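Residue 454 in the numbering used here sits at position 60 of the sequence shown, and the numbers go up by one each step.
Beta carbons are placed, not taken as given, at the ideal position from N, Cα and C, and that holds for glycine.
None of these values were measured; they are calculated from a predicted model.
Everything on this sheet refers to the single structure shown next.
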Amino acid sequence: MTVLQVLQATTAYFKKRNVEGSRLNAEHLLAHVLGRKRIDLYLDFERELNESDPAPLRELVRCRGEGQPLQHLLGTVEFCELSFVADKRAMVPRPETEQLVELLTSNFESELSNAHIVDVGTGSGAIALSLAAKFPSAEIVAVDVSDDALALARENASKLNLADRVGFLKSNLLENVEGTFDVIIANLPYISIGERHTLSREVLHDPEIALFSGARGDELVRELIAQAPARLALGGLLALEIGLGQSESLLSALAEKKYHDISSKNDYSGVTRFLFARYG
C-alpha cells in the first residue's frame, strides 16, 4: 500500500471508532512509525511502504481506536513550543493550560522575569518548565502530591536541559512549601466526581488524582485560595485555571479571603477558565 492508501484506510477505521480528528491522528501515527515529520507525508503520498512498516502501525492504530490518547502513543506532546514526555504518570497538558502560560507571559512579563514562582500541582511540569525556558532569571519551584507526576516532571526537566532551573517538591498543595513567592500558579484537578460519565475515554486515561477534586469539583482550588496568602509576598499574584461554571463562586471566594485586583479571562472557547488575583 502507498502512504496515501494507508492514511485513507486508517482514517476510515478511526471514523468508525469515533476518534476525533481521524485524519490528523492517522497522519501523526504514520509519521511516527516512519520517523518522519507529518508534513513530509504530503510529499510522499505515492511511496509504497516496506513490509516491515505496517506492523507497528497496526498496533498503534488499534490502541488509538480503543481510546488511548494520541500523546501517550507518540510518547510526547507539544506545549509552548517545547516537547514534553507524555504518559500515564500525569495528565496530558491541554491547550487551555498553554493559554494560561501565554496570558501570564503577555500580561505579567516584567513581573515574572525575576520572580520567585511556585507551580502547584505541576503534573508533567509543563507550566513550570515553560516559564523557566522563557524567564531564565526566575526562581521556580514545582510541587505535586504524586510521586509519579514528579518523576515525569523531573524527566522532562532533564530532557529540556532545565533541571538546574526548577526545584521539585512533594507537597499536598502548599503544605510542605516554605518561604514566600511573588507568583503562585495552579492548574489543579477541578472535575466533580459526579461528572465522570461526561468525560471522553481519552481523558479517562489520565490519572484520577489529576482529574477529580470531590463532589463539587472546586474543593482543591478553594483550599489553595485559603492557603496562598500565607505564602504570597506583599501584592503577590495568584493565577488559577478552573473548571466550567466555577468562576462565579470562586471569584466570590477570592473576595471573601480579601484578595484584590481580581479578574477573569476566557479560554479560546469562550469559557471563563482563568482567574487572577493579588493579596496584601
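Looking at the DSSP output, R672 sits in a beta bridge with L631, H654.
Taking C-beta atoms under 8 Å as the contact rule, A543 and A484 qualify, at a distance of about 4 Å.
Considered as a whole, the stretch 409-483 harbours 470-473, 476-479 as its complete beta strand (DSSP E) runs of no fewer than 3 residues, in chain order. Within the stretch 487-552, the complete beta strand (DSSP E) runs of at least 3 residues fall at 510-514, 533-538. Between the alpha carbons of E596 and D538 lies a distance of about 22 Å. Per the DSSP secondary-structure output, V560 pairs in a beta bridge with I534.
The alpha-carbon of G517 is positioned some 34 Å away from that of P448. The beta carbon of S607 sits closer than 6 Å to the beta carbons of P583, Y584, E613, L614 from its chain, once the five residues preceding and following it are set aside; these are given in chain order. In this structure, E490 lies near D661, with their beta-carbon atoms less than 8 Å apart. Assignment of L626 by DSSP, reduced to helix, strand and coil, places it in the strand class. Taking Q465 as the centre and dropping the five residues before and after it, the same chain places the C-beta of V471, A480, V486 closer than 8 Å to its C-beta, in chain order. Sixteen is the threshold: since fewer than 16 other Cβ atoms of the shown chains lie within 10 Å of the Cβ of G588, the residue is exposed.
Rounded to whole angstroms, H426 and L398 show a C-alpha spacing of 15 Å.
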